[in-house]
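If you use UniProt numbering, the sequence shown corresponds to residues 1 to 213, in order. Even glycine gets a Cβ: it sits at the ideal position worked out from N, Cα and C. Note sheet for the following structure.
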Amino acid sequence: MTSADDTAGVRRVGVMGGTFDPIHHGHLVAAATAAAECALDEVVFVPAGRPWQKAGGGVSPAEDRYVMTVLATAAHPRFTVSRVDIDRPGETYAVDTLRDLRDRYGPETELFFITGADTLANVTTWRAVDEVFAAATFVTVNRPGHSGRDVSLPPHARVEWLEMPAMDISSTDCRQRVASGRPIWFLTPEAVVRYVDSRGLYRTARALQGRYW
Ligand code: ATP
Ligand code: MG
Numbered sequence: 001m002t003s004a005d006d007t008a009g010v011r012r013v014g015v016m017g018g019t020f021d022p023i024h025h026g027h028l029v030a031a032a033t034a035a036a037e038c039a040l041d042e043v044v045f046v047p048a049g050r051p052w053q054k055a056g057g058g059v060s061p062a063e064d065r066y067v068m069t070v071l072a073t074a075a076h077p078r079f080t081v082s083r084v085d086i087d088r089p090g091e092t093y094a095v096d097t098l099r100d101l102r103d104r105y106g107p108e109t110e111l112f113f114i115t116g117a118d119t120l121a122n123v124t125t126w127r128a129v130d131e132v133f134a135a136a137t138f139v140t141v142n143r144p145g146h147s148g149r150d151v152s153l154p155p156h157a158r159v160e161w162l163e164m165p166a167m168d169i170s171s172t173d174c175r176q177r178v179a180s181g182r183p184i185w186f187l188t189p190e191a192v193v194r195y196v197d198s199r200g201l202y203r204t205a206r207a208l209q210g211r212y213w
């Protein structure tokens, strides 16, 4: 498949990194908004292997998070999923993600790192933050409860702010819902709801007595 950007030699690729524990419609609408408004040829979702910010925090197995990401993104013609972070040993850092994707897509590709406002607010604490900003343009979307715009960034940082319909959905809330027997229907795609149930993810004894279904 070719596009106008292919013929021009510059491919525009969005990078949607996350723990995706589980993936939900906030992630998907953020990526779809970026794809449309930044004219991206592809958005590659990159589930973290071992997210350094969540070390020791009891993250679900990487293969479960990978499968949920594939299930949730399969219907969109420009969404793909990469295993680069899952297959790299050690903790996951965005600088390594961007290096690996640069190697894979080549020098002619322009990378756009898609984040919510909460993530941009923390980005100055990331490893090799100067290289991260040099490697990609940040595309940052609004997230309820996070203003984020007053964050101070290195002078060479390129940040485009996009507005998406505010979606007050988080993976933390999805996990807590399942753990306490409340539904996650329509917060995340049906295939993810069914996968979470079939694998027993996030479930506690209390959930078994709940009205999950
Ligand atoms: P957790 O509660 O476990 O931290 P999360 O919902 O924040 O999960 P992450 O996997 O941490 O999801 O986030 C991946 C990326 O998606 C981050 O850049 C985050 O800012 C963005 N994001 C997540 N949820 C939303 C949302 N509802 N609206 C906009 N951006 C979001
Ligand atoms: Mg988060």
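### Query
In angstroms, rounded to a whole number, what distance separates the CA positions of Arg177 and Ala191?
17 Å
### Message
Taking its Cβ as the centre, do 16 or more other Cβ atoms sit within 10 Å of Ala39, making it buried, or is it exposed?
### Response
exposed
### Task
For His24, verify whether its CB is less than 8 Å away from any heavy atom of the ligand ATP.
yes
### Task
Leaving out five residues on either side along the sequence, give the residues of the same chain with a beta carbon under 6 Å from the beta carbon of Pro51.
Thr19, Thr92
### Task
Mind listing which residues have their beta carbon within less than 6 Å of any non-hydrogen atom of the ligand ATP? Chain order is fine.
Gly18, Thr19, Phe20, Asp21, Gly26, His27, Ala30, Thr115, Gly116, Asp118, Thr119, Val141, Arg143, Met167, Ile169, Ser170, Ser171, Thr172
### Query
In three-state terms, what does DSSP make of residue 278?
Nothing about residue 278 can be read from this structure; the chain reaches only from 1 to 213.
### One or two residues paired with Trp52 in a DSSP bridge
Answer is none; Trp52 lacks a bridge partner.
### Task
For the beta strand (DSSP E) containing Val67, list its first residue and its last residue.
No beta strand (DSSP E) holds Val67; the alpha helix (DSSP H) holding it covers 62-73.
### Query
What do you reckon, are the CB atoms on Glu110 and Thr137 nearer than 9 Å?
yes
### Selected residue, minimal CA-CA separation from Arg12, among Gly49, Met164, Val81, Gly106
Gly106
### Task
Would you mind stating whether Thr73 and Leu28 have Cβ atoms separated by less than 9 Å?
yes
### Query
If we call anything under 9 Å between Cβ atoms a contact, is Arg104 one with Gly49?
no
### Message
Can you tell me whether Phe186 is buried or exposed? The criterion is at least 16 other CB atoms within 10 Å of its CB, across all chains shown.
### Response
exposed
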